[in-house]
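Chemist:
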Amino acid sequence: GAGVSQSPRYKVAKRGQDVALRCDPISGHVSLFWYQQALGQGPEFLTYFQNEAQLDKSGLPSDRFFAERPEGSVSTLKIQRTQQEDSAVYLCASSLSAYNEQFFGPGTRLTVL
Amino acid sequence: AQKVTQAQTEISVVEKEDVTLDCVYETRDTTYYLFWYKQPPSGELVFLIRRNSFDEQNEISGRYSWNFQKSTSSFNFTITASQVVDSAVYFCALSADNYGQNFVFGPGTRLSVLP
Numbered sequence: 006g007a008g009v010s011q012s013p014r015y016k017v018a019k020r021g022q023d024v025a026l027r028c029d030p031i032s033g034h035v036s037l038f039w040y041q042q043a044l045g046q047g048p049e050f051l052t053y054f055q056n057e058a059q060l061d062k063s064g065l066p067s068d069r070f071f072a073e074r075p076e077g078s079v080s081t082l083k084i085q086r087t088q089q090e091d092s093a094v095y096l097c098a099s100s101l102s103a104y105n106e107q108f109f110g111p112g113t114r115l116t117v118l
Numbered sequence: 015a016q017k018v019t020q021a022q023t024e025i026s027v028v029e030k031e032d033v034t035l036d037c038v039y040e041t042r043d044t045t046y047y048l049f050w051y052k053q054p055p056s057g058e059l060v061f062l063i064r065r066n067s068f069d070e071q072n073e074i075s076g077r078y079s080w081n082f083q084k085s086t087s088s089f090n091f092t093i094t095a096s097q098v099v100d101s102a103v104y105f106c107a108l109s110a111d112n113y114g115q116n117f118v119f120g121p122g123t124r125l126s127v128l129p
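Each protein sequence line maps, in turn, to chains A and B.
The working numbering numbers the first residue of the first sequence as 6 and each following residue consecutively.
The working numbering numbers the first residue of the second sequence as 15 and each following residue consecutively.
Laid out in structure tokens, this is it:
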């Protein structure tokens, strides 16, 4: 595809459920980032991959959050035992390298009831 | 620690007015990159510009211009002759030359351009 795609676009989960959010980066992009954007706020960094290596996961808010990119392309962000405070838009971005501009996907809006 | 401040939460202008969005950053790194992104109502972040810390030349792209001043740690964005389609949230972001690359976004400025 031409851009970064994310699925699902919308996800409603009951508190305590596990969710998995998918990101398809632009082909050939080495770097992949996940962000969390709360309503009315700027994106907050969660984690960064260079190819399949997760080089920084300092932004993950708790051990309920887990991300992987096993083959260096598609990435999945998993949230276990979702809580209401996890409700946000989860953005994925990819770039040619860590210092290049990032191209963002449309995001997944997660609502935890 | 890195930080980006966008003091203007919301700005409203009338079409054709010029508007400047402020961005002040903090970093201890000598090599860093500054960015501006636009987030229209549709929600998808759109890249506008990247500037590295060694290039203080101002840049103009059509109606957009950017003023980078290291002395004041600012990277301001001006839209000339604003249009309704410019209505969006604008984010300034910083990426520094450290291991564990990540972007720090400012809180954003919501710009409303009224017809």
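Yeah, the Cβ is synthetic: ideal placement off N, Cα and C, and Gly gets one too.
Are there three or more Cβ pairs, one per stretch, closer than 8 Å when the stretch 18-28 of chain B is compared with the stretch 54-67 of chain A?
Modeler: Short answer: they don't touch.
Chemist: Let me know the secondary structure DSSP gives Lys30(B) once reduced to three states.
Modeler: Lys30(B): coil per DSSP, three-state reduction.
Chemist: Among the candidates Lys84(B), Phe119(B), Ser126(B) and Phe117(B), whose CA atom is the shortest distance from the CA of Thr44(B)?
Modeler: Measuring from the Cα of Thr44(B), the nearest candidate turns out to be Lys84(B).
Chemist: Please list, in chain order, the chain B residues whose beta carbon lies closer than 7 Å to that of Pro111(A).
Modeler: Here the neighbours are Gly57 and Glu58.
Chemist: Which two residues bound the contiguous beta strand (DSSP E) that contains Val18(B)?
Modeler: First-last of the beta strand (DSSP E) with Val18(B): Lys17 to Thr19.
Chemist: List the DSSP bridge partners of Ala102(B).
Modeler: Answer by DSSP bridge pairing, in chain order: Leu125(B).
Chemist: Does DSSP put Lys19(A) in a helix, in a strand, or in coil?
Modeler: In the structure shown, Lys19(A) sits in coil (DSSP, three-state: anything other than H, G, I, E or B).
Chemist: Whose C-beta lies closer than 7 Å to the C-beta of Val127(B) among residues of the same chain, with five residues either side of it excluded?
Modeler: Contacts found: Val27, Glu29, Ser96, Gln97, Val98, Asp100 and Ser101.
Chemist: By how many angstroms is the C-alpha of Leu125(B) removed from the C-alpha of Arg77(B)?
Modeler: So the alpha carbons of these two residues sit roughly 15 Å apart.
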